[in-house]
Structures are given as structure tokens and as C-alpha cells.
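Here's the structure we're looking at; comments come further down.
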Amino acid sequence: MSNALLEVSHATKVFSRGGLLSSRRIVAVNDVSFRIEAARPEIFTIIGESGSGKTTLSRMILNIEQPSAGSLVLDGTDLSTVRSNRDRLAFMHKVQPIFQNPFEAFNPLKQLDRYLFMTRQRFSAAVGQAALEAAVDEALRKVGLSLKEVRHRYPHEMSGGQLQRVAIARALLSSPKLIVADEPVSMVDASLRMSIVNLFRALRDDLGISIIYVTHDLATAYYISDRIMIMQNGRVVESGDARTVLNAPQHPYSQQLRAAVLLPEVTGGTAPANSPST
Amino acid sequence: MTASPALPARPDAAAPILAVRDLKAHFRTNHFGVKRYVKAVDGISFDVRRGEIYGLAGESSSGKTTLIKTIAGAIKPPLEVVGGTVDFAFLPGYGGLHRAPPAEVARIRWRHLSYIMQGSMNVLNPVRRLRATFADFARSHIDASDRQFEQAVVDHLARVKLDASVLTAYPHELSGGMRQRATIALATICRPDFIIADEPTTALDVVVQKDVLGMIRGIQREIGSSVLFVTHDMGVHAHLTDRLGIMYAGRLVEEAATAEIFRRPLHPYTRHLISSLPRIGDDIQRKGLEGSPPSLADPPPGCRFHPRCPLAMAACSERVPDMVETEPDHRVACFAVNGDQAP
Ligand SMILES: Nc1ncnc2c1ncn2[C@@H]1O[C@H](COP(=O)(O)OP(=O)(O)OP(=O)(O)O)[C@@H](O)[C@H]1O
Ligand SMILES: Nc1ncnc2c1ncn2[C@@H]1O[C@H](COP(=O)(O)OP(=O)(O)OP(=O)(O)O)[C@@H](O)[C@H]1O
Ligand code: SF4
Ligand SMILES: [Mg+2]
Ligand SMILES: [Mg+2]
Numbered sequence: 001m002s003n004a005l006l007e008v009s010h011a012t013k014v015f016s017r018g019g020l021l022s023s024r025r026i027v028a029v030n031d032v033s034f035r036i037e038a039a040r041p042e043i044f045t046i047i048g049e050s051g052s053g054k055t056t057l058s059r060m061i062l063n064i065e066q067p068s069a070g071s072l073v074l075d076g077t078d079l080s081t082v083r084s085n086r087d088r089l090a091f092m093h094k095v096q097p098i099f100q101n102p103f104e105a106f107n108p109l110k111q112l113d114r115y116l117f118m119t120r121q122r123f124s125a126a127v128g129q130a131a132l133e134a135a136v137d138e139a140l141r142k143v144g145l146s147l148k149e150v151r152h153r154y155p156h157e158m159s160g161g162q163l164q165r166v167a168i169a170r171a172l173l174s175s176p177k178l179i180v181a182d183e184p185v186s187m188v189d190a191s192l193r194m195s196i197v198n199l200f201r202a203l204r205d206d207l208g209i210s211i212i213y214v215t216h217d218l219a220t221a222y223y224i225s226d227r228i229m230i231m232q233n234g235r236v237v238e239s240g241d242a243r244t245v246l247n248a249p250q251h252p253y254s255q256q257l258r259a260a261v262l263l264p265e266v267t268g269g270t271a272p273a274n275s276p277s278t
Numbered sequence: 001m002t003a004s005p006a007l008p009a010r011p012d013a014a015a016p017i018l019a020v021r022d023l024k025a026h027f028r029t030n031h032f033g034v035k036r037y038v039k040a041v042d043g044i045s046f047d048v049r050r051g052e053i054y055g056l057a058g059e060s061s062s063g064k065t066t067l068i069k070t071i072a073g074a075i076k077p078p079l080e081v082v083g084g085t086v087d088f089a090f091l092p093g094y095g096g097l098h099r100a101p102p103a104e105v106a107r108i109r110w111r112h113l114s115y116i117m118q119g120s121m122n123v124l125n126p127v128r129r130l131r132a133t134f135a136d137f138a139r140s141h142i143d144a145s146d147r148q149f150e151q152a153v154v155d156h157l158a159r160v161k162l163d164a165s166v167l168t169a170y171p172h173e174l175s176g177g178m179r180q181r182a183t184i185a186l187a188t189i190c191r192p193d194f195i196i197a198d199e200p201t202t203a204l205d206v207v208v209q210k211d212v213l214g215m216i217r218g219i220q221r222e223i224g225s226s227v228l229f230v231t232h233d234m235g236v237h238a239h240l241t242d243r244l245g246i247m248y249a250g251r252l253v254e255e256a257a258t259a260e261i262f263r264r265p266l267h268p269y270t271r272h273l274i275s276s277l278p279r280i281g282d283d284i285q286r287k288g289l290e291g292s293p294p295s296l297a298d299p300p301p302g303c304r305f306h307p308r309c310p311l312a313m314a315a316c317s318e319r320v321p322d323m324v325e326t327e328p329d330h331r332v333a334c335f336a337v338n339g340d341q342a343p
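Following this line, the structure appears as C-alpha cells:
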């Protein structure tokens with residue numbers, strides 16, 4: 001068998017929620033397995049019900065959360081063995097996160113350019129200021145920004161869409177092999193959404209980066225994914241080639257999901273289909 | 001609630017419930033000598049009619065959230081209202097929440113006006129269980145026994161497909177979409193006359209999203225509320241909103257019935273927006289807009305879209321096109337559409 005970049009085997013995560021007396025056991029992720037080949041970078045999409053365990057699974061892949069059962073192996077390293085700071089740094093070199101809410105991902109008191117410089121310095125040996133600035137500028141340009149636009153600015157001075165692009169640039173600074181993006185485009189406009197997913201495609205094709213793309217947007221999922229996995233209630237209900245699955249979903253939940261997509265068009269006669277009910 | 005005797009208790013049904021006129025709200029920041037003056041909302045006028053769902057869409061960072069915050073009175077430095085007025089029918093005479101006395105603002109919050117902020121899944125109090133949060137905000141506005149109140153909360157949560165067990169959870173124990181639904185439930189349980197919602201369904205799967213939109217629609221029908229709804233999701237606009245305003249770089253550039261915007265977008269930015277939407281099953285390559293988004297600290301002169309506009313002509317970089325009612329109920333700010341109205 002060829003090498004796996006990521007091998008998730010029977011990953012399970014159990015939480016308990018609520019007060020001492022009313023505590024409930026919640027199986028957030030229930031026996032999930034899949035693998036991503038090292039030799040074949042791909043965009044692997046996870047969609048599913050709200051509360052079905054997508055974020056919990058992503059957090060396990062990022063080693064922020066440990067599985068209750070099962071294992072996750074990245075590039076030959078079992079994540080449960082990543083403990084020391086050195087191991088962590090090596091791990092973060094390979095896997096980078098992008099979160100849904102970029103405002104949570106940045107320290108509100110730190111200027112963005114300084115934060116990017118520090119990130120870069122953590123991952124590469126000491127270089128001069130000029131090289132540092134060039135590297136940061138290059139990463140920002142890959143996402144349609146530039147160092148000039150970001151210099152001296154604080155996170156709250158950017159809109160959601162701008163900040164999300166800074167987050168992607170930050171992820172690129174470590175030259176990762178895998179990016180785990182949890183709902184990365186839900187805060188940006190349709191046009192920018194296309195620029196960002198096109199950027200993911202370019203990262204896959206030009207830089208050989210695999211991307212785990214968690215989303216509720218079936219249209220962009222169809223547009224860029226190689227494979228797709230559909231989750232409900234902690235379990236995988238269907239998975240396979242993205243287009244095959246989305247064109248003809250087999251599981252009842254996948255079918256329900258497919259049917260609930262709101263098309264960006266107004267149907268009906270010449271009168272507005274949804275004029276006020278008055 | 002009491003209306004002052006000079007004003008009719010039931011205002012004219014044809015008058016808009018919200019009238020925004022030439023509103024300007026800017027950010028003035030100064031960090032270690034780096035001054036920035038961001039004209040995020042720069043001269044916006046529109047009405048929301050009684051009982052309608054008015055949608056707002058537009059480019060990321062075009063000022064939608066700033067506009068909404070200004071209307072909802074959530075104005076904190078460095079944001080400043082530089083000019084214009086915001087008039088709600090239930091808060092007449094002040095020209096905006098930011099100018100009304102705090103007691104008046106407290107009177108209308110929750111009962112008349114509720115505001116679901118962007119990223120609001122993060123506004124739930126992190127150290128309180130949801131049951132306590134509901135009691136904090138809504139208990140005093142609902143006239144019922146404790147047991148009836150609890151039942152009303154449980155019933156209302158069911159409308160957004162949340163189980164009563166979430167009441168015992170802390171926010172961090174819920175998924176993003178569950179928190180988002182809890183906030184929507186909180187903002188709507190008092191059945192306000194006017195609901196302002198900024199990207200309220202971004203964290204929901206499409207099945208649950210449909211239920212939540214149905215709930216908002218339901219409340220709006222039951223009590224004739226009006227809704228101002230901001231989202232990037234054009235599918236949501238197509239199915240939910242009655243009229244749609246499109247923003248670009250701090251200004252409104254087009255407004256019409258939602259169906260009209262989808263069928264016959266007139267402004268070049270709107271046309272791009274509508275044509276950039278991907279669909280399941282089609283393999284057309286879609287591109288984002290060329291060129292970089294305008295800096296609102298130093299916006300392009302004239303029409304702010306001109307550096308990226310395929311139809312730009314000389315006048316476009318010299319003068320600002322006015323919003324003109326090209327056809328009844330369809331307003332557009334573009335020289336190519338309206339002709340150059342040079343003096
Ligand atoms: N720290 C925690 N403690 C207790 N329960 C948790 C915790 N984190 C998540 N859960 C529960 O695990 C389940 C899965 O949550 P998760 O955030 O993984 O869902 P999701 O698929 O990402 O949902 P969404 O689409 O809404 O973001 C939910 O029922 C949630 O309440
Ligand atoms: N506190 C602030 N200080 C300075 N500038 C700010 C501040 N908040 C927002 N801005 C700027 O104001 C402009 C408008 O931002 P706003 O959040 O209103 O946009 P938006 O249309 O809601 O965008 P999105 O769709 O991405 O949420 C942006 O250029 C942003 O960088
Ligand atoms: S006014 Fe000119 S630049 Fe602006 S949208 Fe119309 S044609 Fe384009
Ligand atoms: Mg999630
Ligand atoms: Mg916004």
C-alpha cells in the first residue's frame with residue numbers, strides 16, 4: 001500500500017454535557033475512518049448536519065482534541081505520540097487550520113503584520129527583515145492582499161472576508177502538507193468565495209497541498225471537491241467521488257440535504273414570487 | 001408601552017417602518033500615529049416597509065455590518081455617525097437610536113427591535129448555561145408563570161430544531177450551528193416588530209437552515225414583523241427576501257424586488273455577483289471579481305466601482321452617480337444604466 005498523508009481509523013469522540021445530575025453522554029464522532037494518500041493531493045470535503053461532529057473531527061485531526069477511541073496517523077506519526085514542544089512544532093509545520101470565524105483566530109490586540117512575521121519566524125530559520133517581509137508579502141499576495149494593505153492593522157479593522165484571507169495567508173507561511181479548513185468561506189461574498197475555493201484548487205495543483213474542506217455550501221463543494229464525506233449524528237452516512245455523490249445521493253439523509261439546497265434564482269411568474277403577504 | 005398623545009397609536013400603515021436617509025458612519029482610528037479614516041457607510045438612503053423582509057447583499061467589507069450596527073444603535077468608537085438619520089416608526093422624533101434617551105432605547109429593545117449580530121454564536125454568555133441566558137434576556141418581557149415561560153422557551157427552541165436538553169449546556173458545549181440557532185431563538189422569542197439579522201444562518205446545514213428561515217418567515221407572517229436580513233447567500237435571498245439592496249464600497253448601488261434583481265440585474269457589480277454563483281451539476285469555471293477591493297480609507301473618486309467596471313467611461317471617474325429610480329421600485333446608481341446626468 002502506498003503512504004498515507006492522513007489515516008483516520010475508527011476515530012470516536014465521546015463528550016458528556018450538562019450538569020452533574022442531568023449529564024448526557026454525547027457521541028460526537030462515531031467510528032469514522034478514511035485516508036488521504038500522500039502521492040495524490042486532494043480536496044476532501046466533509047458536509048453534514050449541524051452538530052454531526054465535523055468540527056470535533058477536524059479538531060482531532062489538528063490534535064487539539066484527542067479521540068476517545070481509534071487512531072489518527074499523519075505522515076507516519078501517530079498523533080497520540082505528539083507531546084513535546086518540538087514534536088508539536090514539527091506537527092504544525094505539516095498541518096495548518098483555517099477556522100470559520102477569523103475574528104476568533106487572531107489576537108485582537110496584536111497587529112496583523114507583526115503576527116504574520118512571528119508566525120513565519122517560528123517556522124523558518126532566522127532570516128533578515130527584508131526576506132521576512134518578502135515571504136509574508138508573497139503569502140498575502142497568494143490570497144489577493146498585500147503587506148501594504150495589512151501593515152499596522154488590527155483584526156477588528158478588517159472585514160470578515162479580508163481577515164479570512166489573512167488567515168489563509170498565515171496558514172501558507174509554514175508550507176503545510178495539509179490544511180484543515182472548517183467552514184472557511186461562510187463569511188465571505190459569493191465572488192470572493194469563488195476566489196478562495198479557486199485558491200484551494202491552486203494550492204492542491206501547484207503546491208501539492210491536500211485540503212480538508214468542511215462546509216455547508218454544497219455548490220462550492222461540488223465545484224472543487226475530489227471526494228466527499230457526508231455525516232449525520234457522528235457517523236459517516238455516505239462517501240465517495242464528490243460529483244457522483246452529489247449528483248445522485250444514495251442515503252436518505254444525503255438526499256434530504258441535496259433537496260434542501262436553495263438555488264440562487266427566483267422561480268414563478270413575472271410577479272415577484274415572494275412579495276409581501278399583505 | 002405608551003405612545004405620546006401627539007402621535008397616533010397606530011401610525012399610518014403605508015409609512016415605512018424604517019426610513020434611512022443619507023446615512024454616513026465612519027471609523028476614525030489612530031494607532032501610533034497611523035491615522036485611518038474609513039468611510040464604511042457613505043450616504044445611504046432606503047426604506048423598509050411594514051411587513052416586508054428587506055435583504056442586503058454586497059461585497060465583503062462593503063459596509064453591510066457597519067450599516068446594520070448604525071441602524072441598530074450599536075455604535076462604539078472608533079465608529080462615528082457623521083450624518084444622516086435613521087427613523088423607526090416605533091421610535092419617532094429622534095433620528096436614530098444613537099440620539100434617543102437610554103430609557104427609550106431600553107423600551108424598544110427586544111419587544112420592538114431585536115438585533116442578531118454577525119458571528120453572534122459568540123455572544124452567548126460563556127459562563128452561563130442557556131437556561132439562565134434565556135431568563136436574563138427574555139423573562140421580564142414575557143408575561144407568564146415560570147412554568148409557562150419554560151414551556152414557551154422549549155417550544156420556541158423546537159422551531160429551530162433544538163432539543164430542550166441544550167438548556168442545560170454551556171455555549172462551548174454546543175456546535176457552531178447549535179449556538180447560532182440558540183441566538184436566533186433568543187432574539188425572536190419576544191416576537192419583535194422589527195428583526196435585524198446579520199448573517200444569521202451561515203453556520204447551518206441546508207436542511208436546518210430551511211427550518212430556521214421558515215421560523216423567521218412564520219413570525220413575520222403571524223405578527224406582521226419587518227425584517228432586515230443581511231447575507232452573502234444569494235439562495236437565501238432568492239427564497240426569503242421581498243426586496244434586495246446591493247452594496248458596494250460603502251454605498252447602495254442597486255435596489256429592487258428580489259425577483260427583479262435576479263432576473264434583470266442592472267448595475268455592473270450586481271450583474272457580476274449574480275453570474276458568479278456556482279450550482280451543483282454545472283461545470284462552468286467561475287471567477288472572482290478581477291482587481292482588488294476598494295480601500296474605504298481612500299476610495300476611488302466618482303463611481304467607486306470604476307476601476308473594476310467593464311463599462312466604465314470618462315464620467316465614471318469624475319462624478320458620483322446618483323441612485324435613480326429607473327423604473328418603479330427599481331433604483332440603480334450607474335451612468336451606463338441611467339445616462340450621464342451631467343449638469
Ligand atoms: N466540548 C464539548 N463538550 C460537550 N459536548 C460537545 C463539546 N464539543 C462538541 N460537543 C457536542 O458534540 C456534537 C458535535 O459537535 P461539532 O461541533 O463537532 O458539530 P459540527 O458538525 O461541527 O456542527 P456545526 O455544523 O453546527 O458546526 C454536538 O452535539 C456538540 O454539542
Ligand atoms: N473597528 C474598525 N476600525 C476600522 N475599520 C473598520 C472597523 N470595523 C470595520 N472596519 C472597516 O470598515 C469596512 C466595512 O466593514 P463591514 O464589517 O461593515 O463590512 P461587511 O460588508 O459587513 O463585510 P463582510 O461581508 O465581510 O462581513 C471594512 O473596510 C473594514 O475593514
Ligand atoms: S457608473 Fe460607470 S463605473 Fe460605475 S458602474 Fe456604472 S458604468 Fe461602471
Ligand atoms: Mg462546526
Ligand atoms: Mg459583515
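Chains A and B are the protein sequences, given in the same order. Heads up: the first sequence at position 181 corresponds to 181 in full-length UniProt numbering, and the numbers run straight through without jumps. Heads up: the second sequence at position 333 corresponds to 333 in full-length UniProt numbering, and the numbers run straight through without jumps. C-beta: ideal position from N, C-alpha, C; glycine also. All of these numbers come straight from a predicted model, not from anything done at the bench.
Which residues in chain B have a C-beta closer than 8 Å to the C-beta of residue i? List them in chain order.
{"i": "Glu157(A)", "result": "Phe27, Thr29, Arg36 and Val38"}
{"i": "Ser68(A)", "result": "Within chain B, no residue comes near Ser68(A); the closest Cβ sits about 16 Å away, beyond 8 Å."}
{"i": "Val236(A)", "result": "Result: empty, since nearest Cβ-Cβ is about 15 Å, beyond 8 Å."}
{"i": "Arg227(A)", "result": "Chain B residues near Arg227(A): none, gap ~16 Å exceeds 8 Å."}
Strictly below 9 Å CB to CB, what residues from chain B border residue i?
{"i": "Glu183(A)", "result": "Gly176, Thr202 and Ala203"}
{"i": "Asn198(A)", "result": "Gln285, Arg286, Lys287 and Gly288"}
Residue range of the beta strand (DSSP E) that residue i falls in?
{"i": "Gln232(A)", "result": "Arg227 to Gln232"}
{"i": "Ser9(A)", "result": "Ala4 to Arg17"}
{"i": "Tyr115(B)", "result": "Leu113 to Ile116"}
{"i": "Glu104(B)", "result": "Run containing Glu104(B): none in the beta strand (DSSP E); it sits in the alpha helix (DSSP H), Pro102 to Ile108."}
{"i": "Gly245(B)", "result": "Arg243 to Tyr248"}
With a threshold of 16 other CB atoms inside 10 Å of the CB of residue i, please say whether the residue is buried or exposed.
{"i": "Val127(A)", "result": "exposed"}
{"i": "Gly234(A)", "result": "buried"}
{"i": "Glu254(B)", "result": "buried"}
{"i": "Ser2(A)", "result": "exposed"}
{"i": "Asp322(B)", "result": "exposed"}
{"i": "Met313(B)", "result": "exposed"}
{"i": "Glu327(B)", "result": "exposed"}
{"i": "Asn101(A)", "result": "buried"}
Excluding five sequence neighbours on each side, which residues of the same chain lie with their C-beta closer than 7 Å to the C-beta of residue i?
{"i": "Asp211(B)", "result": "Val160 and Lys161"}
{"i": "Pro11(B)", "result": "Here the model assigns Pro11(B) a pLDDT of 48, short of 50, so the residue's position is not dependable, and the following value carries that caveat. Excluding sequence neighbours, Pro11(B) sits near Ala89."}
{"i": "Leu147(A)", "result": "Asp113, Glu133, Val136, Asp137 and Leu140"}
Which residues in the same chain as residue i place their Cβ atom closer than 6 Å to its Cβ, once the five residues preceding and following it in sequence are excluded?
{"i": "Pro184(A)", "result": "Ile98"}
{"i": "Pro126(B)", "result": "Pro171"}
{"i": "Pro278(B)", "result": "Arg286"}
{"i": "Arg36(B)", "result": "Thr29 and Ala297"}
{"i": "Val324(B)", "result": "Asn338"}
{"i": "Asn274(A)", "result": "Low confidence applies to Asn274(A): its pLDDT is 44, below 50, so where it sits in the model is not reliable, and the reading given next is rough at best. No residues qualify anywhere along the chain."}
Tell me which residue opens and which closes the alpha helix (DSSP H) that residue i is part of.
{"i": "Ala219(A)", "result": "Leu218 to Ile224"}
{"i": "Pro97(A)", "result": "Per DSSP, Pro97(A) belongs to no alpha helix (DSSP H); it is in the beta strand (DSSP E), Val95 to Ile98."}
{"i": "Ile223(B)", "result": "Val206 to Ile223"}
{"i": "Ser254(A)", "result": "Pro252 to Ala260"}
Give me the chain A residues within the contact set of residue i, using Cβ-Cβ distance strictly less than 8 Å, ordered along the chain.
{"i": "Pro278(B)", "result": "Met194, Ala219, Thr220, Tyr222 and Tyr223"}
{"i": "Val208(B)", "result": "Glu49 and Ser50"}
Between which residues of its own chain and residue i is the CB-CB distance below 8 Å, once the five residues before and five after are set aside?
{"i": "Glu80(B)", "result": "Ala25, His26, Phe27 and Arg28"}
{"i": "Gly240(A)", "result": "Arg227 and Ile228"}
{"i": "Arg263(B)", "result": "none"}
{"i": "Thr270(B)", "result": "Ile246, Val253, Glu254 and Ile261"}
Assuming contact is defined by CB atoms lying nearer than 9 Å, are residue i and residue j in contact in what I supplied?
{"i": "Ile61(A)", "j": "Val188(A)", "result": "no"}
{"i": "Asp42(B)", "j": "Ala19(B)", "result": "no"}
{"i": "His112(B)", "j": "Gly73(B)", "result": "no"}
{"i": "Ser52(A)", "j": "Gln255(A)", "result": "no"}
{"i": "Thr168(B)", "j": "Ile184(B)", "result": "no"}
{"i": "Pro307(B)", "j": "Glu59(B)", "result": "no"}
Taking Cβ-Cβ distances shorter than 9 Å, what residues in chain A pair up with residue i?
{"i": "Arg139(B)", "result": "Those do not exist, as Arg139(B) stays about 20 Å from chain A at its closest Cβ, beyond 9 Å."}
{"i": "residue 348(B)", "result": "Nothing about residue 348(B) can be read from this structure; chain B reaches only from 1 to 343."}
Taking Cβ-Cβ distances shorter than 7 Å, what residues in chain A pair up with residue i?
{"i": "Leu289(B)", "result": "Ser191"}
{"i": "Val236(B)", "result": "Leu262"}
For residue i, which residues in chain B fall below 7 Å Cβ to Cβ?
{"i": "Phe103(A)", "result": "Gly119"}
{"i": "Thr55(A)", "result": "Ser175 and Gly176"}
Can you pull every residue whose C-beta falls closer than 5 Å to some heavy atom of ligand 6, listed in chain order? Absent from the structure shown: ligand 6. Ligands present: ligand 1, ligand 2, ligand 3, ligand 4 and ligand 5.
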